[in-house]
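>
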Amino acid sequence: MEDDVKKFLYVNRKAPYGTIYALEALEVVLIGAAFDQDVSLAFLDDGVFQLTKSQDTKEIGVKNFSPTFRALGDYEVTKLYVEKESLDERGLTADDLQEIMWEDEDDDWAEKPSIRIVSRAEMADVFADQDVILSF
Amino acid sequence: MEDDVKKFLYVNRKAPYGTIYALEALEVVLIGAAFDQDVSLAFLDDGVFQLTKSQDTKEIGVKNFSPTFRALGDYEVTKLYVEKESLDERGLTADDLQEIMWEDEDDDWAEKPSIRIVSRAEMADVFADQDVILSF
Amino acid sequence: MATLHTVNKSPFANQSLLSCLAHAKDGDTVLMIEDAVYGAASGTGLADAMAARSGVNLAALGPDLAARGIATERLLAGIKAVDYAGFVELAASHDRAQAWL
Amino acid sequence: MATLHTVNKSPFANQSLLSCLAHAKDGDTVLMIEDAVYGAASGTGLADAMAARSGVNLAALGPDLAARGIATERLLAGIKAVDYAGFVELAASHDRAQAWL
Amino acid sequence: MKFGILISEGPYTHQASDTAYHFVKSALEAGHEVPRVFFYHDGVNVGTRLSVPPQDERNIQQQWSALAKDHGVDLVICIAAAQRRGMLDANEAERQGKDADNIAEGFRISGLGQLIEMGIETDRLMTFGD
Amino acid sequence: MKFGILISEGPYTHQASDTAYHFVKSALEAGHEVPRVFFYHDGVNVGTRLSVPPQDERNIQQQWSALAKDHGVDLVICIAAAQRRGMLDANEAERQGKDADNIAEGFRISGLGQLIEMGIETDRLMTFGD
Chain A
1 MEDDVKKFLY VNRKAPYGTI YALEALEVVL IGAAFDQDVS LAFLDDGVFQ
51 LTKSQDTKEI GVKNFSPTFR ALGDYEVTKL YVEKESLDER GLTADDLQEI
101 MWEDEDDDWA EKPSIRIVSR AEMADVFADQ DVILSF
Chain B
137 MEDDVKKFLY VNRKAPYGTI YALEALEVVL IGAAFDQDVS LAFLDDGVFQ
187 LTKSQDTKEI GVKNFSPTFR ALGDYEVTKL YVEKESLDER GLTADDLQEI
237 MWEDEDDDWA EKPSIRIVSR AEMADVFADQ DVILSF
Chain C
273 MATLHTVNKS PFANQSLLSC LAHAKDGDTV LMIEDAVYGA ASGTGLADAM
323 AARSGVNLAA LGPDLAARGI ATERLLAGIK AVDYAGFVEL AASHDRAQAW
373 L
Chain D
374 MATLHTVNKS PFANQSLLSC LAHAKDGDTV LMIEDAVYGA ASGTGLADAM
424 AARSGVNLAA LGPDLAARGI ATERLLAGIK AVDYAGFVEL AASHDRAQAW
474 L
Chain E
475 MKFGILISEG PYTHQASDTA YHFVKSALEA GHEVPRVFFY HDGVNVGTRL
525 SVPPQDERNI QQQWSALAKD HGVDLVICIA AAQRRGMLDA NEAERQGKDA
575 DNIAEGFRIS GLGQLIEMGI ETDRLMTFGD
Chain F
605 MKFGILISEG PYTHQASDTA YHFVKSALEA GHEVPRVFFY HDGVNVGTRL
655 SVPPQDERNI QQQWSALAKD HGVDLVICIA AAQRRGMLDA NEAERQGKDA
705 DNIAEGFRIS GLGQLIEMGI ETDRLMTFGD
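These protein sequences, in sequence, are chains A, B, C, D, E and F. Heads up, the first sequence is in the numbering used here, so the first residue is 1 and it goes up one at a time. Heads up, the second sequence is in the numbering used here, so the first residue is 137 and it goes up one at a time. Heads up, the third sequence is in the numbering used here, so the first residue is 273 and it goes up one at a time. Heads up, the fourth sequence is in the numbering used here, so the first residue is 374 and it goes up one at a time. Heads up, the fifth sequence is in the numbering used here, so the first residue is 475 and it goes up one at a time. Heads up, the sixth sequence is in the numbering used here, so the first residue is 605 and it goes up one at a time.
#1: Short check: CB of G478 of chain E to CB of L599 of chain E, under 7 Å?
#2: Using the Cα positions of A419 of chain D and A433 of chain D, report the straight-line distance between them to the nearest angstrom.
#3: On the CB-based measure, 16 or more other CB atoms within 10 Å of its CB, does A257 of chain B come out buried or exposed?
#4: Take I196 of chain B as the anchor and find which of D:T417, D:N387, D:I406 and D:K398 has the nearest alpha-carbon.
#5: Going along chain E in order, which residues have a C-beta closer than 9 Å to the C-beta of I60 of chain A?
#6: With distances taken between CB atoms, is the gap from Y644 of chain F to S612 of chain F smaller than 7 Å?
#7: Taking the straight line between their C-alpha atoms, what separation do you get for L474 of chain D and D95 of chain A?
#8: In this structure, does DSSP put Q370 of chain C in helix, strand or coil?
#9: Decide if D45 of chain A is buried, meaning its Cβ has at least 16 other Cβ atoms within 10 Å, or exposed.
#10: If we define contact as Cβ-Cβ less than 7 Å, is E531 of chain E a contact residue for chain A?
#11: What's the C-alpha gap between G274 of chain B and R712 of chain F?
#12: What does V132 of chain A reach in chain F if we use C-beta pairs closer than 7 Å?
#13: Any beta-carbon of chain F closer than 7 Å to the one on D563 of chain E?
#14: Drop a sphere of 10 angstroms on the beta-carbon of W102 of chain A, count the other beta-carbons inside from all chains shown, and report buried for 16 or more, exposed for fewer.
#15: Using 7 Å as the limit for Cβ to Cβ distance, is K84 of chain A near chain C?
#16: Could one say the Cβ of L502 of chain E lies closer than 7 Å to chain B's Cβ atoms, at least one of them?
#17: So which residues of chain B does T275 of chain C contact, with C-beta pairs closer than 9 Å?
#18: Does S282 of chain C have its Cβ less than 7 Å from a Cβ in chain A?
#19: Taking the beta carbon of A386 of chain D as the centre, do at least 16 other beta carbons fall within 10 Å, making it buried, or is it exposed?
#20: Can you pull the chain B residues whose beta carbon is under 7 Å from the beta carbon of S326 of chain C, in chain order?
#21: Less than 7 Å between the beta carbons of T487 of chain E and I20 of chain A, yes or no?
#22: Please list the residues of the region 668 to 690 of chain F that have a C-beta atom closer than 7 Å to any C-beta atom in chain E, keeping them in chain order.
#23: Report the three-state DSSP secondary structure of I707 of chain F (helix, strand or coil).
#24: Suppose only complete runs of 4+ residues qualify. What are the alpha helix (DSSP H) ranges in the region 673 to 731 of chain F, listed by chain order?
#25: Taking only beta-carbon atoms, is S392 of chain D less than 7 Å away from chain I?
#26: Would you check if the distance between the CB atom of L562 of chain E and the CB atom of F512 of chain E is smaller than 7 Å?
#27: Residues of the region 503 to 526 of chain E in Cβ contact with chain B at a cutoff of 8 Å, in chain order, please.
#28: In three-state DSSP terms, what is H645 of chain F?
#29: Using DSSP with H/G/I as helix, E/B as strand and the rest coil, what is E247 of chain B?
#30: Please tell me whether A151 of chain B has its Cβ less than 7 Å away from any Cβ of chain C.
#31: Which residues in chain C sit within 8 Å of D573 of chain E, going by Cβ to Cβ distance?
#32: What are the residues of the region 173 to 190 of chain B that lie near chain C, defined by any Cβ-Cβ distance shorter than 8 Å?
#33: Can you give me the Cβ contacts of S383 of chain D inside the same chain, cut-off strictly under 6 Å, excluding the 5 residues immediately before and after it?
#34: Using 10 angstroms around the beta-carbon of D516 of chain E, count the other beta-carbons present and answer buried if the total reaches 16, otherwise exposed.
#35: At least one CB of chain E closer than 7 Å to the CB of M1 of chain A: is that the case?
#36: Bridge partners of P203 of chain B, per DSSP?
Here's what the structure looks like:
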């Protein structure tokens, strides 16, 4: 990794749709991907709800942006840290989340999962390892 | 009380200054006082912080509107229900609140306190006795 | 003389739903809308608090449940899903509405 | 390599302060600003949760304390009041800032 | 039954104005009356005609303006809340010495008394906020 | 030290833009640099020149415009967030076929790349939101 690359973390702690923060955070991630920094996303507290399967927003008349998470691999955004304790408190398991994959060009384009379930202590380590933290 | 008088309750559950809801709620109360309805105010949860003494907003550059509560008696707004459980959880007692008085013209203009400390169950009764509830 | 209470904030982030439940009277209805519908799911850390208020009718807005991927099978026992027309009916059939913002 | 955490929401309404405390590392500083300064007062139902994180430095923004009528004598033991210049110093002296919105 | 509606949050940022819109539409379809919607706090921002949401998203202001046109719903923006937040009609702009205005068709600016009046004259007041 | 500032909430409704203002002023007084403030989410509403706050309240937009003028702080409003919320400069108004614009002096509209760039080029990024 080059010296002028910074570690950017996007922290998602809010549920989707009730407020716009989750959607507008994703818009920053997509633009930010063009800048060749070392990018990670963190999902904790209500932020874990952003990644759930089977979201269908037709009746509330709001755009369903959850499929966009599955496109993050194409933008080389491949590190999505999800906190296990946050899932547990909300009655969710890893199976309730979308499958989000990326292709590793250094490993013969093998498909690998982008979501990494981590403990609260590991999430704290992820936070402490960053240069720039953007919170939404 | 006449038949065309409705019971209006203004519910305050938010702290002052961090957001504008408390200030703009008070602006509604002042305008609403001109309409000769049966008006009450409820302060519960973080809303009890609105009534505390010694607020000094000079350094945050925001207008201190807490003295306006003491003028409510002049607008014939004399029923300010404050929930005891909300005070307790926040380490507050009635002594931490401003003294807010009104003059009872039916009792030789005797000064009487506007703040009525009520239990959670009594607050629920106040809610259930209203025609129109405005929440801020 | 019953009240329709509406709550719109996630109970995992905000105390509004718990405060509403603590003030609702038997026979009232608490309708969870927007992010509050996360409180309607079973298997969460809040399920016990919800079940404890057995005298209160609990409902959740179906369009908000669907948006958030909460299947009807996942709802806590006793919680009724309503659509916007059902929301209007609840508002009309109760004597007052109180929003827990 | 310490982090300055800022929290701005009342801990009586919102979980952000508790989540922040659960993630802060020893040597980090948690600065309460805006409505979060209500969490800095002693004698509340939250005082124990605050005291439990003894490895973390706790601070509160003085101008926000004054606005809300919280006298310095009422602060929990170990919480330092800082002004806006002190806020800037904390931001400069830590390695990163994380806002718990 | 007559419903009065209070909207306390701005468009897109909070779902409140969307939920209120679906509620009002369903109420009208069920034969109820919605004589007035009052926009307060950041809710006043719903009435700007200058918004340009992405093409694949709903246009919240236009949804409300259409309800006003089709069903005669009175869309009232609170003047005091609007002044703080930079929402003006042509009259207000002139009175305040501002060189532009931004209120959309179907919305009008008036005082908080219209909110109290709505509470008095309707059967049920519904609040949508955050 | 160089500070980058992100403001995520609108004026008056949330204290975020006030706290950010006091932080930036104190940082400049302490000899630090604040090359840019980026306004996102409802934060874009800080930049309207049409607001008329009560005379006994602070004028948040004017406070920021003065900082831009006196200290060369670059005040950037996110274009995507601004479009949703009806914040436009003269160029954008013309491009979108709108008959008015509302951006105040000292603010400019640009893309989200300016936020990332600010994160890369400053030493410390501070976020003020809700």
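For each residue, glycine too, the CB sits at the ideal point set by N, CA and C. All values reported here derive from a predicted model rather than from experimental measurement.
In short, the structure shows the following:
#1: With contacts defined by Cβ atoms closer than 7 Å, G478 of chain E and L599 of chain E form a contacting pair.
#2: The sequence given here has Leu at residue 419 of chain D, not Ala. Here the C-alpha atom of L419 of chain D lies approximately 15 Å from the C-alpha atom of A433 of chain D.
#3: Answer is exposed; the Cβ neighbour count stays below 16.
#4: Measuring from the Cα of I196 of chain B, the nearest candidate turns out to be D:I406.
#5: Neighbours of I60 of chain A across chain E, judged by C-beta separation under 9 Å: Q489, D492, T493 and H496.
#6: Yes; because the gap between Cβ atoms is below 7 Å, this pair is in contact.
#7: Cα to Cα, the separation comes out at about 28 Å.
#8: Shown here, Q370 of chain C sits in a strand according to DSSP, grouped into three states.
#9: Buried is the label assigned to D45 of chain A, since at least 16 other Cβ atoms lie within 10 Å of its Cβ.
#10: It does; some Cβ of chain A falls within 7 Å.
#11: One cannot answer for residue 274 of chain B here, as it falls past the ends of chain B, which runs 137 to 272.
#12: Residues of chain F with a Cβ closer than 7 Å to the Cβ of V132 of chain A are, in chain order, G723 and L729.
#13: Against chain F, the CB of D563 of chain E has no partner CB under 7 Å away; the residue lies outside that interface.
#14: Around the beta carbon of W102 of chain A, a 10 Å sphere encloses 16 or more other beta carbons of the protein chains shown; the residue is thus reported as buried.
#15: No, K84 of chain A does not count as interfacial toward chain C.
#16: No, its Cβ sits nowhere closer than 7 Å to a Cβ of chain B.
#17: Chain B residues near T275 of chain C: F263, A264, Q266 and I269.
#18: By this cut-off, S282 of chain C is an interface position.
#19: A386 of chain D comes out buried.
#20: Chain-order list of chain B residues neighbouring S326 of chain C: empty, with the shortest C-beta distance near 16 Å, by a criterion of under 7 Å.
#21: Contact: yes.
#22: Of all residues in the region 668 to 690 of chain F, only Q687, R688, R689 and G690 come within less than 7 Å of chain E when Cβ atoms are compared, listed by chain position.
#23: DSSP, reduced to helix, strand and coil, places I707 of chain F within a strand of the structure shown.
#24: Counting only runs of 4 or more residues that sit fully inside the region 673 to 731 of chain F, the alpha helix (DSSP H) segments are 683 to 689, 694 to 700 and 717 to 725, in chain order.
#25: The chain inventory of the structure shown lacks chain I, comprising the protein chains A, B, C, D, E and F.
#26: Here L562 of chain E is not near F512 of chain E, since their CB atoms are 7 Å or more apart.
#27: The region 503 to 526 of chain E vs chain B, Cβ under 8 Å: Y514 and H515.
#28: If DSSP states are grouped into helix, strand and coil, H645 of chain F belongs with the helices.
#29: In the structure shown, E247 of chain B falls within a strand segment according to DSSP collapsed to helix, strand and coil.
#30: Proximity of A151 of chain B to chain C, defined by a Cβ-Cβ separation below 7 Å, is not satisfied.
#31: None at all; the shortest Cβ gap to chain C is about 36 Å.
#32: Of all residues in the region 173 to 190 of chain B, only L180 and D181 place a beta-carbon less than 8 Å from a beta-carbon of chain C.
#33: The beta carbon of S383 of chain D sits closer than 6 Å to those of D408 and Y411, all from its chain and outside the five residues before and after it, given in chain order.
#34: Counting the other Cβ atoms within 10 Å of the Cβ of D516 of chain E gives 16 or more, which makes it buried.
#35: The predicted model places M1 of chain A with a pLDDT of 44, which falls under 50 and marks its position as unreliable, so this point remains unresolved.
#36: Bridge pairing for P203 of chain B: absent [DSSP].
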